[in-house]
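Take this note's numbering: the last position of the sequence shown gets the number 395, and nothing is skipped along the way.
Take a look at the structure below.
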Amino acid sequence: MAYAAVMGYGTVGAGVVQVLTMNREIIARRTGEEIDIRYVLDLREFPGSPVEKILTHDFSDILNDPEVSVVVETMGGLKPAYEFTKQLLLAGKSVCTSNKELVAEHGVELMKIARENNVNYLFEASCGGGIPIIRVLNSSLTAERIEEVTGILNGTTNYILTSMTEQGKDFGQALAEAQEKGYAELHPEADVEGWDACRKIAILSSLAYGKHVPYGMIRTEGITSVDKTDIAYAEKIGCRIKLLATSRREKEGIWALVTPMMIGKENPLTAVDGVMNAVMVKGNAVGTTMYYGSGAGSLPTASAVVGDVIDCVKHPGKTIRNDYSGELQELLPADEIARPFFVRYTGTPEEAEKTFGKISDVVALPDHPEEIGFLTGMIAEKTFRELAGGDPRVKRWFRRGKNEEAEE
Ligand code: HSE
C-alpha cells in the first residue's frame, strides 16, 4: 500500500480523490500496489463529504507522516504552495501538481530539490489538462530533436473565439456567456490576456528544447481586442482566428509567441473548438504529431495528476529524468520572424501595394464599405510594424500562420 495526500480540495483536488476512488482496482493493478489517500488538506470544512474523516487543516500532519510518499498539490497560486512543495521535497516526498503558475515560476528549483532528494516533482496536469503532452515530450518523443510546439492551450479563450465565430457574438457577449456557463472566471484576465497560455508554452518549450524558457520573455497578446469584424474577415479568407501558443527552433535559436493568429482550414488546429485544447509537436524524425483533449475540468485534469502519482509510486527512490535544465534559454526576438500578415485597410489595393509590396486575398465586407482586408507576402515582423506604423490607412492587423506554426 502506498499513501498519498491531497493539498487543496477544490475542483481538481476533488477530482483526484474521485479518480483514485473510482479507478482504485485498475490503478492498483497498473501500479503494483494500492494507493490510499491518508490526508486532504484544506482550510474549509466539508461536513458529510467522503473526505470528512481524512480532512486536516494542519500541513505538518502530511509533512511529518513518514508513510506518506506522494503529495498532490492542487492549491494553485504561489503561496503557500511553493513553501509547502519545497518542504515536502526536502522531506523526501514526491509532489504532483496541476499548478502551472508555480511550475513556470519555480519549476527549475523544485525539480533540482526533487533530484537531490531522489524524489519527483511532476506536473503533467499543468499544461493541456487531461492531454498527456508532458509525457509525450519526456517519455515518447525522446528520440527527437523537437523543432516546434504549437497549441491551443487555453479552453476559456478557445470557447470565446468559437462562440464569436459560430454565433457572430462580440467579445463582451461571448465572455459573459462563458462566465455564465462556468468556462470563464469572474476575473478572466489570466485567460483572455493570454498569460495562462504563456505559462503553459513556457513549460512545454523548456521540456522540448531542454533549457529554461522564462514565461516573462515570451511576447504575449490576448484576445480582448478581437472583434466580430476580424472574425468575419477571417472567415472570408478561409481562416479562423485562434489563440496560439507557439515556439519554434530556427537556425539561429528559439522563438516563442502567444497571439491570436489567422490560421487556414488546412491546419488541423482550426477544427479544435469550444473548451477543447490541442498541441502539435514537430520532431526532426517523426514530423508533425498532434494531441487533442480536454484542457481543463475536474476529472480530465485529475486524471493527469493521478497518472503522475502512479509514476511516483512505481519509481520509489528514483527521480524520473527529463530534459529541463536550469540553464537559461535565450529567445530570438519575435520581431525577426517573417510571415504573412492580414491587414484591415481604409484605402485601395493599389495604395496598399505601395506600402507592403505584393498583396493577395483582397476581400471586402458589405457592412464595412470603407475598408478592405488583404494578406501581405512574407515580411519580417519588424519591417511589417515599421511599414504599418507609417501608413495611417492600416486599421488593424493579425499574424497569418501560413508556412509557419506546424503547417508544413
Ligand atoms: N483557465 C484554464 C483554461 C484552465 O481555460 O484553459 C486550465 O488550465
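No residue lacks a Cβ here, since even glycine has one placed at the ideal position from N, Cα and C.
According to DSSP, residue pairing for TRP242 in a beta bridge involves ARG235. For LEU89, the uninterrupted alpha helix (DSSP H) run begins and ends at 87 to 103, by DSSP. Three or more beta-carbon pairs drawn from the region 219 to 236 and the region 180 to 194 are found closer than 8 Å, and the two stretches are therefore classed as touching.
In the DSSP assignment, PRO247 is bridged to LEU230. Secondary structure note for ILE133: it is in no alpha helix (DSSP H), and the uninterrupted beta strand (DSSP E) holding it is 133 to 139. Of the other Cβ atoms in all chains shown, 16 or more fall within 10 Å of the Cβ of LYS269; this residue is therefore buried. Remark: the C-beta of ASP298 is outside contact range of ligand 1, defined as less than 8 Å to any heavy atom.
The Cβ-Cβ distance between ALA171 and ILE210 does not fall below 9 Å. Remark: the C-beta of LEU140 is in contact range of ligand 1, defined as less than 8 Å to any heavy atom. Within the chosen limit of 8 Å, ligand 1 reaches the beta carbon of TYR170 through at least one heavy atom. By the Cβ rule, the region 197 to 212 counts as touching the region 234 to 253, because three or more pairs are nearer than 8 Å. THR84 and GLY0 have their C-alpha atoms some 10 Å from each other.
Residue environment analysis places ASN271 among the exposed positions, since fewer than 16 neighbouring C-beta atoms fall within 10 angstroms of its C-beta. The C-alpha of GLN5 is placed about 8 Å away from the C-alpha of ALA289.
Here CYS114 carries a coil assignment [DSSP, helix/strand/coil]. Taking non-hydrogen atoms of ligand 1 into account, the C-beta of THR72 is found less than 8 Å away from none of them. Setting aside the 5 residues that flank it on each side, GLU357 is surrounded in the same chain by THR333, each with a C-beta closer than 7 Å to its C-beta; the list follows chain order. In this structure, GLY79 lies near VAL106, with their beta-carbon atoms less than 9 Å apart. CYS114 and ALA283 have their alpha carbons spaced roughly 9 Å apart.
Inclusion of ALA189 and VAL200 in the CB contact set at 9 Å is warranted, their separation being smaller than that value.
Between ASP260 and the set HIS174, THR152, PHE329, TYR202, the nearest pair of CA atoms involves THR152. The C-alpha of GLU20 is placed about 29 Å away from the C-alpha of GLY94. Comparing alpha carbon positions, the residue from VAL57, THR8, ILE41 closest to THR306 is VAL57. Under DSSP, THR149 forms no beta bridge with any residue.
No Cβ-Cβ contact shorter than 9 Å links VAL292 with ILE14.
Taking 9 Å as the cut-off, the Cβ atoms of LEU109 and LYS198 do not count as close.
LEU77 sits in a helix when the DSSP states are folded into three classes. Taken atom to atom, the span from the alpha-carbon of PHE329 to that of HIS302 is near 51 Å. Using a Cβ-Cβ distance cut-off of 8 Å, the region 252 to 266 and the region 135 to 147 are in contact, since at least three pairs of beta carbons, one from each stretch, lie closer than that value. Per the C-alpha coordinates, the member of ALA321, GLY274, ILE218, TYR202 positioned closest to LYS87 is TYR202.
Here DSSP, grouped into helix, strand and coil, assigns ILE24 to strand. With a 10 Å radius around the Cβ and a threshold of 16 neighbouring Cβ atoms, PHE33 comes out exposed. For a cut-off of 8 Å, the C-beta gap from VAL55 to VAL27 is around 12 Å, too long to register as a contact. For the set SER192, VAL213, PRO175, the Cα lying nearest the Cα of PHE158 is the one of VAL213. Nearest to PHE343 by C-alpha distance, out of ARG16, MET365, GLU103, MET267, is MET365. In this structure, the straight-line span from the alpha carbon of GLN166 to that of ASP354 is close to 29 Å.
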